[in-house]
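Numbering (my numbering), first residue to last: 275 to 581.
Encoded structure:
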């Protein structure tokens, strides 16, 4: 099932900002071809305060929502993290998409779901908005899966080229949670070293040198991340699906191909089949070359659909 909402296009980050509405337009256009005719689609609902507060204190939620401009214009929480008139609703819908996707999968209505939403979430820490992100969509979804449906071992696997410092920060001391990330080392936000292993939660960080291509990426996944994921044996799997590790992406320097995103998705689906009853929710994170983003998201969703 595909979750999105038109307000994600109205979150205006200003001229020349890489995290722009055209990203969602490109992804949705890529999913309009005949092979996706059977893809169920639904609108993302609002996340509630209770749902957001599993990952963020009320003070942070209020700070973000109270900072939203009431008319045209922009408000900068930092140089890169920008609010406009519809950003608050877009952020609530983006978090709500993950909640609805977990609901649909947990109730057995669908096998897996993909959330084509923005703003992204994985840089949002418990009490800090940063890196284009306001609320941590993946962490909110993971905690919802645990608290509402009782899943004991929830894993988030982050394939974005940038480390999800926010997801790690939120889940660091959350027992029964695993956060695993492949990312470019020494890139924004300069976190995600291999020795960052967590407290009560389990953190598996696999930093990759700039210039890493398909062969070394797949080897790192096969030799390090997948064995740790299988050892954890998640009963629910969430993917932070960033596509900015693509060679064409302007914001980083890994050298993946479109095919790599289909490959990594199938690897994760195999683990989910083994340990999680095929329960998978995927949420869009980064990806800033529009053609590469569209092609990579298409491969990701094709894999999720099994086509």
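For each residue, glycine too, the CB sits at the ideal point set by N, CA and C.
Taking 8 Å as the CB-CB limit, is residue i close to chain C?
| i | result |
| --- | --- |
| residue 289 | This model lacks chain C altogether; it includes just one protein chain. |
Residues in its own chain within less than 6 Å of residue i by CB, not counting five upstream and five downstream?
| i | result |
| --- | --- |
| residue 585 | Any answer about residue 585 is impossible in this case: the structure gives the chain only from 275 up to 581. |
| residue 554 | 386, 511 and 546 |
| residue 293 | 287 and 406 |
| residue 370 | 318, 319, 320 and 321 |
By alpha-carbon positions, which one of the options ends up nearest to residue i?
| i | options | result |
| --- | --- | --- |
| residue 468 | 488, 413, 544 and 494 | 494 |
| residue 318 | 335, 378, 440 and 309 | 378 |
| residue 432 | 553, 560 and 391 | 560 |
| residue 552 | 505, 571, 540 and 562 | 540 |
| residue 239 | 358, 445, 472 and 380 | Nothing about residue 239 can be reported from this structure: the residues present for the chain run from 275 to 581 only. |
| residue 497 | 408, 337, 404 and 478 | 478 |
| residue 381 | 358, 413, 424 and 311 | 424 |
| residue 277 | 337, 290 and 375 | 375 |
| residue 354 | 289, 329 and 390 | 289 |
| residue 458 | 452, 530 and 501 | 530 |
| residue 471 | 453, 487 and 464 | 453 |
| residue 517 | 504, 538 and 418 | 538 |
| residue 421 | 451, 443, 351 and 403 | 451 |
| residue 532 | 455, 336 and 573 | 573 |
DSSP three-state call for residue i: helix, strand or coil?
| i | result |
| --- | --- |
| residue 276 | strand |
| residue 397 | coil |
| residue 529 | strand |
| residue 409 | coil |
| residue 316 | strand |
| residue 388 | strand |
| residue 284 | coil |
| residue 574 | helix |
| residue 464 | coil |
| residue 443 | helix |
| residue 418 | helix |
| residue 334 | helix |
On the DSSP letters alone, give me the boundaries of the beta strand (DSSP E) that residue i sits inside.
| i | result |
| --- | --- |
| residue 481 | 476 to 482 |
Quick one: what's residue i bridged to in DSSP?
| i | result |
| --- | --- |
| residue 453 | 430 and 477 |
| residue 511 | 429 and 554 |
| residue 356 | 350 |
| residue 404 | 407 |
| residue 520 | 530 |
| residue 458 | 482 |
Could you check where the alpha helix (DSSP H) with residue i kicks off and where it finishes?
| i | result |
| --- | --- |
| residue 493 | 488 to 494 |
| residue 304 | 295 to 304 |
| residue 363 | 361 to 380 |
| residue 501 | 500 to 506 |
| residue 311 | Counting along the chain, residue 311 falls outside any alpha helix (DSSP H), and DSSP gives it neither H nor E. |
| residue 254 | In the structure as shown, the chain starts at 275 and stops at 581, and residue 254 therefore has no counterpart that could be examined. |
Using 7 Å as the cut-off, classify the Cβ of residue i as near or not near the heavy atoms of the ligand NAD, replying yes or no.
| i | result |
| --- | --- |
| residue 306 | Annotation note on the ligand NAD: not contained in the displayed structure, which lists no ligands. |
For residue i, which residues in the same chain have their Cβ closer than 7 Å to its Cβ, ignoring the five residues on either side in sequence?
| i | result |
| --- | --- |
| residue 366 | 320 and 321 |
| residue 412 | 372, 395, 396, 430, 441, 512, 514 and 557 |
| residue 568 | 300, 301, 303 and 304 |
| residue 282 | 298, 364, 367, 368, 391 and 392 |
| residue 443 | 399 and 400 |
Note down, in chain order, each residue of its chain lying with its Cβ closer than 8 Å to the Cβ of residue i, except the 5 sequence neighbours on either side.
| i | result |
| --- | --- |
| residue 461 | 435, 436, 437, 484, 526 and 527 |
| residue 581 | 309 |
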